[in-house]
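Undergrad: When we follow the working numbering, the leftmost residue of the sequence shown carries the number 102, and every step to the right adds one.
Backbone N, C-alpha and C fix where the C-beta goes; we use that ideal spot for every residue, glycine too.
These figures come from a predicted structure and were not determined experimentally.
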Amino acid sequence: MFEHELKTLLQANGATLVGFSEIGDNAPVGFSHLRYAVTIVRRLSDTIVETIDGKPSIMYFHHYRTTNTKLDLLALDAVDFIESMGYSALPIAASQSTNTDKDAYRGVFSHKTAAVLAGLGFIGKNALFISTEYGSKIRLTTVLTDMPLTAERPLITKGCGACEICKNACPAHAITGNNYEYGAPRDTLLNARLCSEHMKTYKDIGRGAVCGICMSVCPHNRRKKPISDSIKKEVSHLD
Ligand code: SF4
Ligand code: SF4
102 MFEHELKTLL QANGATLVGF SEIGDNAPVG FSHLRYAVTI VRRLSDTIVE
152 TIDGKPSIMY FHHYRTTNTK LDLLALDAVD FIESMGYSAL PIAASQSTNT
202 DKDAYRGVFS HKTAAVLAGL GFIGKNALFI STEYGSKIRL TTVLTDMPLT
252 AERPLITKGC GACEICKNAC PAHAITGNNY EYGAPRDTLL NARLCSEHMK
302 TYKDIGRGAV CGICMSVCPH NRRKKPISDS IKKEVSHLD
């Protein structure tokens, strides 16, 4: 019932997209009463993403961290609004680099789950959230709440088709190439250990915390530059 006000506030403060969903039993342990989610999206700079060329860049590393900080601040705006209406709100860190379950390489809550349930896009073969407007060139955060919220868009479950650009571009061979099935475990798409170990090889660029190659090559991204002929050929196989 407060969707419009919340979206207007967050977009005025810099959110690129805002979505709402009912997450059911997906809330973290101890927060099962928070059954709804606000998803906040920030698009990444085209110019910065284009500096990723076979490896991350220092500019991308800084932009990645700045965008996460902006998302965390937007989440606080959502928390203030929700709590002022008398509901509970739990902001989830935009970058959950703390590995809460050793060897699982995952945070306390999957931003992608809420974003898919909000109908903002789908999960690609690169295991990243793909926005229908901006492709994978985005970052996400989530605020969980007991404020009833309703998704404004229908669920999208697929969108990669026969494309394998990210799989072929991944230097760690961490992407399986399988299409995402709604609810399927992440390891059907990605070997998170291989991905994490590869990121650590970029210690001089991104302190071992970023890569971005599979994000930057996705043809669903809005590009300023014309897409190359080789990518156009592969895109022609998409659904
Ligand atoms: S972030 Fe890099 S290493 Fe990880 S899956 Fe993507 S391309 Fe591969
Ligand atoms: S590069 Fe192709 S296969 Fe990978 S996420 Fe994008 S559309 Fe899907």
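(1) May I ask you to check if the CB of C261 is nearer than 8 Å to at least one heavy atom of ligand 1?
(2) Indicate, with yes or no, if ligand 1 has a heavy atom lying under 8 Å from the CB of G313.
(3) Cα separation between A190 and S196?
(4) Note down, in chain order, each residue of its chain lying with its Cβ closer than 6 Å to the Cβ of D340, except the 5 sequence neighbours on either side.
(5) Can you check DSSP and say which residues form a bridge with T246?
(6) Could you check whether E253 and G284 sit closer than 9 Å to each other, using their CB atoms as the reference points?
(7) Buried or exposed, going by whether 16 or more other CB atoms sit within 10 Å of the CB of S237?
(8) For G120 versus L175, is the C-beta spacing smaller than 9 Å?
(9) Hey, would you say the C-beta of S237 is under 8 Å away from at least one heavy atom of ligand 2?
(10) First and last residue of the alpha helix (DSSP H) that includes S185?
(11) Between the Cα of C267 and the Cα atoms of K226, K301 and Y165, which residue gives the shortest distance?
(12) With a threshold of 8 Å, establish whether the CB of L107 neighbours any heavy atom of ligand 2.
(13) For the region 146 to 153 against the region 210 to 224, are there 3 or more C-beta pairs whose distance is under 8 Å?
TA: In this structure, then:
(1) For this step, residue 261 is matched to residue 160 along the sequence shown. Flag unset: Cβ of C261 not near ligand 1.
(2) Counting from one through the sequence shown, the residue named residue 313 turns up at place 212. It does: the Cβ of G313 is within 8 Å (strictly closer) of some heavy atom of ligand 1.
(3) Taking the first residue of the sequence shown as position 1, residue 190 is located at position 89. Taking the first residue of the sequence shown as position 1, residue 196 is located at position 95. One C-alpha to the other measures close to 18 Å.
(4) Stepping through the sequence shown from its first residue, residue 340 is reached at position 239. Unreliable positioning characterises D340 in this predicted model, as indicated by a pLDDT of 42, which lies under 50. The coordinate reading is nonetheless provided below. The residues are G262.
(5) Numbered from its first residue, the sequence shown carries residue 246 at position 145. Y137 and A190, per the DSSP bridge assignment.
(6) By one-based count along the sequence shown, residue 284 stands at place 183. By one-based count along the sequence shown, residue 253 stands at place 152. For the pair G284 and E253, the CB atoms are not nearer than the 9 Å cut-off.
(7) To locate residue 237, count along the sequence shown from 1; it is residue 136. It counts as buried.
(8) One-based indexing of the sequence shown puts residue 120 at position 19. One-based indexing of the sequence shown puts residue 175 at position 74. Contact flag unset, no.
(9) Start at 1 with the first residue of the sequence shown, and residue 237 comes out as number 136. It does: the Cβ of S237 is within 8 Å (strictly closer) of some heavy atom of ligand 2.
(10) As a first step, residue 185 must be located in the sequence shown, where it is residue number 84. Start and end: I159 to S185.
(11) Reading the sequence shown from its first residue, position 166 is the one you call residue 267. Among K226, K301 and Y165, the Cα nearest to that of C267 belongs to K226.
(12) Taking the first residue of the sequence shown as position 1, residue 107 is located at position 6. False, no ligand heavy atom lies under 8 Å from that Cβ.
(13) The region 146 to 153 and the region 210 to 224 do not touch, with fewer than 3 CB-CB distances between them shorter than 8 Å.
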